[in-house]
């Protein structure tokens, strides 16, 4: 605790230090009228501390006041009756905390005041948020009152619902995902229904057996989302950040695009709110796993960065920086820096994590290949901390470089457009099927499937089948015009029950909502 003593405090202490004594004042002889000093008629600022003027040839008296401007010390009309001030009955004690002290002094100075909440307004655009400490899962776990519920204990013991993935057509990740779909597919019955004047994407054939059905779970009719750029300006080009934020906000609120999505909400209005984006600062990870994303999310929650959000209806998007890889592993990657050659897990450790599926169906042996180098673009899911559910998505920076490096789903030459297309895919899946990870988390629970939203009988979500259909990727991932005529946005076309296949923006709602 710091203490500051002002000159006025010293003066007051001198005056009141002797209890019961009347303060003494220097009383000079009064000057003759010809020597009375002339003072200004109104107060003037910044006058120095003054004393009663002495007689010529004598020593100056003690300081008696510190006024804003000098005053005449006495009047010569009654020289025989000098003024003696009386002792104050109740001395004024200075306050213990100066009024200009910006920080309150703690009641117990030996214990420093602590604040576990973020300082300042953390919700403003580009206010930095921290990445958790590297390789220290125990730090966040110790700070959490209740442990986070992860997707599964072992990779091989996850459920086999493949939804929430965006994968490159023809890639290893797509083959892994499609194998999971086949193992869980039910016999689908095709219904022939009348078509209206809306059209399926050119080149696609109607596939009514792939239509989506409502399973009874939550949907996010009015949703918000926050873009979190992993590593911030250390890894991101700010022009990419601006383009991504602008385009995804426009796409998610576009009337003609939403006309397709509204069929899954009984043709009722849907809302999208793009909240300010934030950099996640601290380091530049080489690889980001699903375990990392969930750890980031838990850390931000326990540190108070998510306290001002409606978590029931908000999705936090973790955007990987250029050059970083994304995978779907439950284990944390170790957060090795970009360019590091340090191995995160040995092959023996990976094999130890693998096991038979809960339904006894053979799974692809090398699930580690389900990463962005193998065509994985992103995924979405949720975690539970106590009774709180927090939704998230993860997107890789999809790009194809001249040196042959191909990451994610590089449909566009401009990589930021690939990020927006993947974001659109994941956000529409989070809107129509937010709790899919609860089903993956509980593969043995027959009732868990009731938490699904809109999925096909094969277990796919709104954005999955269009990527897997035998249609050119450039017809599924494309730039489309905005309804307000302000330009175009890069998106992935979503599945529409009304046309039994992928459908682009439409000016009017479908007459019949999806069922």
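Numbering (this note's numbering), first residue to last: 788 to 1302. Glycine residues also receive a C-beta, built at the ideal position from the N, C-alpha and C atoms.
(message) So, for residue 1114: in the same chain, excluding its five sequence neighbours on each side, which residues have a beta-carbon less than 8 angstroms away from its beta-carbon?
(response) Closer than 8 angstroms at Cβ, skipping near neighbours: 1074, 1075, 1076, 1077, 1120, 1155, 1157, 1158, 1159, 1163.
(message) Pairs of beta-carbons, one from the region 1181-1190 and one from the region 1208-1218, closer than 8 angstroms: are there three or more?
(response) By the Cβ criterion, the region 1181-1190 is in contact with the region 1208-1218, since at least three pairs of Cβ atoms, one from each stretch, lie closer than 8 angstroms.
(message) Between which residues of its own chain and residue 1021 is the CB-CB distance below 6 angstroms, once the five residues before and five after are set aside?
(response) Within the same chain, residue 1021 has close Cβ partners 1071.
(request) For residue 1000, count neighbouring C-beta atoms within 10 Å of its own C-beta (all shown protein chains included) and say buried if the count is 16 or more, exposed if not. (result) When all chains shown are included, residue 1000 counts as exposed.
(message) Checking 8 angstroms against the spacing of the C-beta atoms, do residue 1281 and residue 1292 come in under that value?
(response) Taking 8 angstroms as the Cβ cut-off, residue 1281 and residue 1292 do not qualify as a contacting pair.
(message) With a threshold of 7 angstroms on Cβ separation, who are the neighbours of residue 989 within its own chain once the five nearest residues in sequence on each side are excluded?
(response) Correct list, in chain order: 1262.
(request) List the DSSP bridge partners of residue 1103. (result) 1013, 1179, per the DSSP bridge assignment.
(message) If you reduce the DSSP assignment to three classes, tell me which class residue 1068 lands in.
(response) Residue 1068: strand per DSSP, three-state reduction.
(message) Let me confirm a value: residue 1237 is counted as buried when at least 16 other C-beta atoms fall within 10 Å, else exposed. Which label applies?
(response) Burial call: exposed.
(request) Would you check if the distance between the CB atom of residue 1199 and the CB atom of residue 1277 is smaller than 8 angstroms? (result) The Cβ-Cβ distance between residue 1199 and residue 1277 falls below 8 angstroms.
(request) Drop a sphere of 10 angstroms on the beta-carbon of residue 1039, count the other beta-carbons inside from all chains shown, and report buried for 16 or more, exposed for fewer. (result) Residue 1039 comes out buried.
(message) Taking the alpha carbon of residue 1057 as the reference point, which residue from 1249, 1087, 1219, 1275 has its own alpha carbon closest?
(response) Comparing C-alpha distances from residue 1057 to each of 1249, 1087, 1219, 1275 shows the shortest one belongs to 1219.
(request) Have a look at residue 993 and residue 1033 and give me their C-alpha separation to the nearest angstrom. (result) Here the C-alpha atom of residue 993 lies approximately 33 angstroms from the C-alpha atom of residue 1033.
(request) Leaving aside the five residues before and after residue 1051 along the sequence, list all residues of the same chain whose C-beta is less than 6 angstroms from its C-beta, in chain order. (result) Taken in chain order, the residues that qualify are 1219, 1241, 1301.
(message) On the CB-based measure, 16 or more other CB atoms within 10 Å of its CB, does residue 1024 come out buried or exposed?
(response) The C-beta of residue 1024 has fewer than 16 other C-beta atoms within 10 Å across all chains shown, which makes the residue exposed.
(request) Please state if the CB of residue 1062 and the CB of residue 1018 are separated by a distance shorter than 8 angstroms. (result) Not in contact: residue 1018 and residue 1062 (Cβ atoms no closer than 8 angstroms).
(message) Using C-beta distances below 8 angstroms, list every residue in its chain close to residue 1279, excluding the 5 sequence neighbours before and after it, in chain order.
(response) If we look at residue 1279 and ignore the five residues flanking it on each side, its Cβ neighbours are 953, 1208, 1209, 1211, 1212, 1250, 1253, 1254, 1263, 1264.
(message) Please give me, in chain order, every unbroken run of the beta strand (DSSP E) with length at least 3 that falls completely inside the region 985-1039.
(response) Whole beta strand (DSSP E) segments, 3+ residues: 999-1001, 1009-1017.
(request) List the endpoints of the continuous beta strand (DSSP E) containing residue 1260. (result) Here residue 1260 belongs to no beta strand (DSSP E); instead the alpha helix (DSSP H) covers 1260-1263.
(request) Less than 8 angstroms between the CB atoms is what I'm expecting for residue 1106 and residue 1007, so what's the real figure, rounded? (result) Actually they are not in contact, since the Cβ atoms of residue 1106 and residue 1007 sit about 20 angstroms apart, beyond 8 angstroms.
(request) Would you list the one or two residues that DSSP bridges to residue 916? (result) DSSP links residue 916 through a beta bridge to 1067.
(message) Tell me which residue opens and which closes the beta strand (DSSP E) that residue 1163 is part of.
(response) Counting along the chain, the unbroken beta strand (DSSP E) around residue 1163 starts and ends at 1163-1172.
(request) Could you check the C-alpha separation between residue 1188 and residue 1299 for me, to the nearest Å? (result) Going by C-alpha positions, residue 1188 is about 45 angstroms away from residue 1299.
(request) May I have the straight-line CA-CA distance separating residue 1042 from residue 1283, to the nearest angstrom? (result) Those two C-alpha atoms are separated by around 16 angstroms.
(message) With distance defined between alpha-carbon atoms, name the residue in 918, 1026, 905, 910 nearest to residue 1202.
(response) Taking only the C-alpha atoms, the option nearest residue 1202 is 1026.
(message) Report the CB separation of residue 1224 from residue 1168 in whole angstroms; it is logged as a contact under 8 angstroms.
(response) Confirmed, Cβ separation roughly 4 angstroms.
(request) With a threshold of 16 other CB atoms inside 10 Å of the CB of residue 865, please say whether the residue is buried or exposed. (result) Per-residue confidence for residue 865 stands at a pLDDT of 47, beneath the threshold of 50, marking its modelled position as unreliable; no derived number is given.
(request) Starting from residue 1158, follow its DSSP beta bridges and name the residues at the other end. (result) The partner list for residue 1158 (beta bridge, DSSP) reads 1114.
(request) Just the C-alpha distance for residue 1064 and residue 912, rounded to the nearest angstrom, thanks. (result) Roughly 6 angstroms separates the two Cα atoms.
(request) List the DSSP bridge partners of residue 1299. (result) DSSP, once it has assigned bridges, lists no residue as partnering residue 1299.
(request) Compute the Euclidean distance between the alpha carbons of residue 1092 and residue 991, then round it to the nearest angstrom. (result) Cα to Cα, residue 1092 sits roughly 44 angstroms from residue 991.
(message) Do residue 1269 and residue 1037 have their beta-carbon atoms positioned less than 8 angstroms apart in this structure?
(response) A contact, by the Cβ cut-off of 8 angstroms.
(message) Just verifying my parser: in three-state terms, what is the DSSP assignment at residue 1054?
(response) The answer is coil: DSSP assigns residue 1054 none of H, G, I, E or B.
(request) Give the single residue among 1094, 1099, 1083 whose Cα lies nearest to the Cα of residue 1118. (result) Selected option, being the one with the closest Cα: 1083.
(request) Could you name the residues of the same chain whose beta carbon sits closer than 6 angstroms to that of residue 1197, not counting the 5 residues immediately before and after it, in chain order? (result) If you ignore the 5 residues before and after residue 1197, its C-beta comes within less than 6 angstroms of the C-beta of 1185, 1186, 1187, 1205, all in its own chain and listed in chain order.
(request) Check residue 886 in the structure and name its three-state DSSP category. (result) Any reading at residue 886 is ruled out, since the residue's pLDDT is 38, under 50, leaving its predicted position unreliable.
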